[in-house]
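Undergrad: The listed protein sequences correspond, in order, to chains A, B, C and D.
Counting in the numbering used here, the first sequence runs from 1 upward without gaps.
Counting in the numbering used here, the second sequence runs from 1001 upward without gaps.
Counting in the numbering used here, the third sequence runs from 2001 upward without gaps.
Counting in the numbering used here, the fourth sequence runs from 3001 upward without gaps.
Note that the Cβ used here is the ideal one computed from N, Cα and C, for glycine as well.
Protein chains: 4
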Amino acid sequence: MDEAVDEELGEESRLWSWRRRMEVPLFAASVAFLGCYAVRVLAEGLPEGWRDALLAVTYASWALFLVDYLVQWRLSGQGPGYVRRHPLDALVVLLPLLRPLRIMRIYESVRHRHAHARLSLYARVIAYAGMSAVLLGFAGALTVYAEERGAPGATIRTFGDSVWWACSTLTTVGYGDVAPVTPKGRVVATVMMAGGLALLGAVTGSFSSWLIQSFTLEEDRRPPGSSPGAF
Amino acid sequence: MDEAVDEELGEESRLWSWRRRMEVPLFAASVAFLGCYAVRVLAEGLPEGWRDALLAVTYASWALFLVDYLVQWRLSGQGPGYVRRHPLDALVVLLPLLRPLRIMRIYESVRHRHAHARLSLYARVIAYAGMSAVLLGFAGALTVYAEERGAPGATIRTFGDSVWWACSTLTTVGYGDVAPVTPKGRVVATVMMAGGLALLGAVTGSFSSWLIQSFTLEEDRRPPGSSPGAF
Amino acid sequence: MDEAVDEELGEESRLWSWRRRMEVPLFAASVAFLGCYAVRVLAEGLPEGWRDALLAVTYASWALFLVDYLVQWRLSGQGPGYVRRHPLDALVVLLPLLRPLRIMRIYESVRHRHAHARLSLYARVIAYAGMSAVLLGFAGALTVYAEERGAPGATIRTFGDSVWWACSTLTTVGYGDVAPVTPKGRVVATVMMAGGLALLGAVTGSFSSWLIQSFTLEEDRRPPGSSPGAF
Amino acid sequence: MDEAVDEELGEESRLWSWRRRMEVPLFAASVAFLGCYAVRVLAEGLPEGWRDALLAVTYASWALFLVDYLVQWRLSGQGPGYVRRHPLDALVVLLPLLRPLRIMRIYESVRHRHAHARLSLYARVIAYAGMSAVLLGFAGALTVYAEERGAPGATIRTFGDSVWWACSTLTTVGYGDVAPVTPKGRVVATVMMAGGLALLGAVTGSFSSWLIQSFTLEEDRRPPGSSPGAF
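Here is the structure:
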């Protein structure tokens, strides 16, 4: 993830200190970004002034992420190689809808600070990938709904349809009773399919590994004559 | 699964003894829960008195699980941390339809008591996850059928349609020839999709691992000139 | 697979010798079974006498598999425990459509006898599971076609439709443009979905492992300055 | 992949030298092959002369790959066993649409020559399998579009429909709102489904492994009090 960490120790501490300071503002920005976008799409009867204000907040949040990325780049002292080595960070800046994934980062950091018991490895992967899938699905449902609701011949007519479509897409079930018909809606759908496949594949794989691990551990720990502790 | 086990030995033995004593009652309760719910949904011409009796049995079974959970919490001596550490148990109490999964626990325990040969690790994961998926599918098909049968424009009109829909959903095939149209039906469907994806992913993964293991073992064990034992 | 192998050496050699002698007859029987079934379903204009002859051959092949299973049971000297320990063999006897999977056994055996280089572990799992999936799909397409072709409102009207449906089902794509509508057809479809999910999961998993292994090996073997050997 | 490498060192160096020299011509040929095919399918109003020229280039590229295969076979000094031991190379010759996968080979080689940092193992598997899936999907969308656009009752009517169908097929979502109806289109679709399942299974599996690895590494590397580096 961070090859720079091993290279320059002085830069590193300033980079880490920047990251720590930016956590709360970026968390607020990501919530504002998704929230304003959602309100703008869903509250159709909103007066024009409010809509403009929401748009302004959305763009401001976006700008904050861009600034954060540029500062991190500068502090890393890596020059042009930084972009290639941190593809995920760049992706987050380009695709603003992925931003809220940073919420997981905060969650993890808060748990850490409060010295809570860490989740097991598989549980953390499931939590990260699962929450990412939920956020991806919510953002995708919003965007597709915004594209489709006015389209002629559209099968996605309410936000409920859109959420239902997002669920059946992310799980690769794909009933097809509702599906996007506009080019823009289909592009968003394709990004969601690819992302959902990867994220839910990670959830499924980790769940499977965790289940096998649980069954293996249980074998050793069981008092004689008793039943297994897992459900 | 049970961190408490390693912490307090005195509490532990009382907890284990409670669990052993509750096995048969909870097994009966889980069968009663699912059975009464199924009869109530499927036997439409039942007189009102019978329907009320079935409902009463369903709630009584639910209450028994709640009592069991509270007693286990108390005996564990862990305070508020217990809920966070035993998420599956809490989930079972909240989502009564998952209860019958406890049947697996009994089955395993009976096999153990009779000193039968244990199944291999992968076979057990496949059996647990596969039976969980079947129960989830059956309960989901019941609930969706109860929601959909009266809805205008519904494609799920008989219980057979609902079972067919559940099969195509759990395997993520998702033909879409029948699919829920009511909001409640779609929420149940989403839970089923997520659960089915995880459970059948575990089945698939374990089957795959077991197959590779079988092929590896066969290599070493084969008498010269003979064909493999597996088909 | 064969716990008996480790237990009784005298019985074992007779069991292996029986298996070796039965290879060619069982291969012929499995081909006859599937071939006669296919001709019976697809050649609709066949005179009654021919149809009866095909049915007789089908049942005779089935009987041969049953005899083989009983003899193996007897020779194993294991009593009632045999059925439980060899679930796959029993499944093959109960579900005659799975019989042709024995073709893989012959193929492997022939390769072995001719001292050909063995396939790698992953390649063998892919070959076994992939061929099983193809046979399952072919047999399933035949059976579903036989059930659906006369049904009112059926979308599967030609054998081509049925094969197309089988392909989209086994890969869990599930377009739903053609799908079974009769109860019997749907039961067969459910068996195919479950089997296809497990078998193609094994193919996918092995392919993935093989790919990762190939990339790992390539790293070490590459002469300086040259490109990778894989495509 | 290349058992010959370990067998004959003299042949080997000539084989490697041939491969190195053929890299640029084969790259150009693969681009020409796919490009000309795409233009021929998509530019419907093209004059006949241009169409013939495009076809000629397509066949010439194909011929170059065939020549390359035969020369490699000859240089390997392995006789008839070569075909069996290099199934992927033969597949590429038979199925010309898979040719562009060689682009990955060049890309890897160029990166190597420029002494860039190598991607991690999982990243490389994801890149290879992902790009293969994209190329397979693009070529499949072209071929299916060419077959379907004139067919009566076709749901794939524009190239956009075809690309949308290819995306929903490769991810196994399979909405079924658009699907091939001609026999040829369905054969191409089946090849795409099988290939997509295997390739995206490899992408998903590697992504999952990479995610678990990232979480494991992060554990050890984190400075006290700081948040994780990955988002």
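1. Alpha carbon to alpha carbon, how far is Trp50 of chain A from Val1178 of chain B? Give it in angstroms, no decimals.
2. Taking only runs that begin and end inside the region 1148–1197 of chain B, name each unbroken alpha helix (DSSP H) of 4 or more residues, in chain order.
3. Are Gly2174 of chain C and Gly3174 of chain D closer than 8 Å when you measure CB to CB?
4. Less than 7 Å between C-beta atoms, sequence neighbours within five positions excluded: which residues of the same chain meet that for Thr58 of chain A?
5. In angstroms, rounded to a whole number, what distance separates the CA positions of Ser1132 of chain B and Cys1167 of chain B?
6. Measuring only the C-alpha atoms, how far is Leu3211 of chain D from Thr1169 of chain B?
7. Mind listing the chain A neighbours of Met1193 of chain B? Cutoff is C-beta to C-beta under 8 Å, in chain order.
8. From Trp1123 of chain B to Ile2156 of chain C, what distance separates their C-alpha atoms?
9. Go ahead and label Thr2235 of chain C buried or exposed: buried means 16 or more other beta carbons lie within 10 angstroms of its beta carbon, across all protein chains shown.
10. Round the Cβ separation of Ala3146 of chain D and Thr3182 of chain D to the nearest angstrom and send it over; I've been treating them as touching at under 8 Å.
11. Considering Glu1048 of chain B, what are the terminal residues of the alpha helix (DSSP H) in which it resides?
12. Use the C-beta contact count for Glu1048 of chain B: other C-beta atoms within 10 angstroms, 16 or more gives buried, fewer gives exposed.
13. Determine, for Thr2190 of chain C, whether the minimum Cβ-Cβ distance to residues of chain B falls below 8 Å.
14. Helix, strand or coil for Gly81 of chain A, going by three-state DSSP, please let me know.
15. Nearest CA to the CA of Ala189 of chain A: which residue from A:Thr143, A:Phe27, A:Val71 and A:Val203?
16. Kindly indicate if chain D contains any beta-carbon less than 8 Å away from that of Thr2155 of chain C.
17. Helix, strand or coil, according to DSSP, for Gly1035 of chain B in the structure here?
18. Using the beta-carbon of each residue, which ones in chain D are nearer than 8 Å to Gly1176 of chain B?
19. Roughly how many angstroms separate the alpha carbons of Val191 of chain A and Ser3030 of chain D, rounded to a whole number?
20. Scan the region 3124–3156 of chain D for residues whose Cβ lies nearer than 7 Å to a Cβ of chain A and list them as they occur along the chain.
21. Nearest CA to the CA of Val1163 of chain B: which residue from B:Gly1153, B:Val1187, B:Gly1176 and B:Phe1138?
22. Taking any Cβ of chain D, which residues in the region 22–53 of chain A have a Cβ under 9 Å from it, in chain order?
23. Closest by CA to Val203 of chain A, which one among B:Ser1206, B:Val1203, B:Leu1197 and B:Phe1207?
24. Taking C-beta pairs closer than 7 Å, name the residues in chain A that Phe3207 of chain D reaches, listed in chain order.
25. Let me make sure I understand the geometry here. Which of A:Ser13, A:Met22, A:Val41 and A:Leu15 has the alpha-carbon closest to that of Arg149 of chain A?
26. Going by the beta-carbon positions, is the gap between Met2022 of chain C and Asp2089 of chain C smaller than 8 Å?
27. Is it buried or exposed, Ser1227 of chain B, if we count other Cβ atoms within 10 angstroms and call 16 or more buried?
28. Determine the chain C residues that contact Thr1216 of chain B at a beta-carbon separation under 8 Å, and present them in chain order.
29. Using the beta-carbon of each residue, which ones in chain B are nearer than 8 Å to Gly185 of chain A?
30. Ser120 of chain A by DSSP, collapsed to three states: which one?
31. I believe Val199 of chain A touches Leu136 of chain A by the beta-carbon criterion, under 8 Å. Please report the beta-carbon distance rounded to the nearest angstrom.
32. Put Phe138 of chain A into one of helix, strand or coil per three-state DSSP.
33. Pick from C:Phe2207, C:Gln2072 and C:Leu2217: whose alpha carbon is nearest that of Ile2126 of chain C?
34. Let me confirm a value: Ala1117 of chain B is counted as buried when at least 16 other C-beta atoms fall within 10 Å, else exposed. Which label applies?
35. Between the C-alpha atoms of Trp1062 of chain B and Leu91 of chain A, what's the straight-line distance to the nearest angstrom?
TA: Reading it off the structure:
1. 42 Å
2. 1159–1170
3. yes
4. Phe33, Cys36 and Tyr37
5. 13 Å
6. 27 Å
7. Cys167, Ser168, Thr171 and Val173
8. Correcting the residue identity first, residue 1123 of chain B is Ala in this sequence and not Trp. Each residue's Cα considered, the two are about 36 Å apart.
9. Nothing about residue 2235 of chain C can be reported from this structure: the residues present for chain C run from 2001 to 2231 only.
10. With a Cβ gap of about 10 Å, Ala3146 of chain D and Thr3182 of chain D do not count as contacting.
11. Glu1048 to Ser1076
12. exposed
13. yes
14. helix
15. A:Thr143
16. no
17. helix
18. Tyr3175 and Gly3176
19. 27 Å
20. none
21. B:Phe1138
22. Glu23
23. B:Leu1197
24. Ala198, Gly201 and Ala202
25. A:Val41
26. no
27. Per-residue confidence for Ser1227 of chain B stands at a pLDDT of 41, beneath the threshold of 50, marking its modelled position as unreliable; no derived number is given.
28. Leu2121
29. In chain order: nothing, as chain B lies at least about 18 Å away.
30. coil
31. In the sequence as presented, Val is not what sits at residue 199 of chain A; that position holds Leu. Their Cβ separation, rounded to whole angstroms, is 7 Å, which keeps Leu199 of chain A and Leu136 of chain A in contact under 8 Å.
32. helix
33. C:Phe2207
34. Only weak support is given to the placement of Ala1117 of chain B: the predicted model assigns it a pLDDT of 47, under 50, and the question is left unresolved by the model.
35. 48 Å
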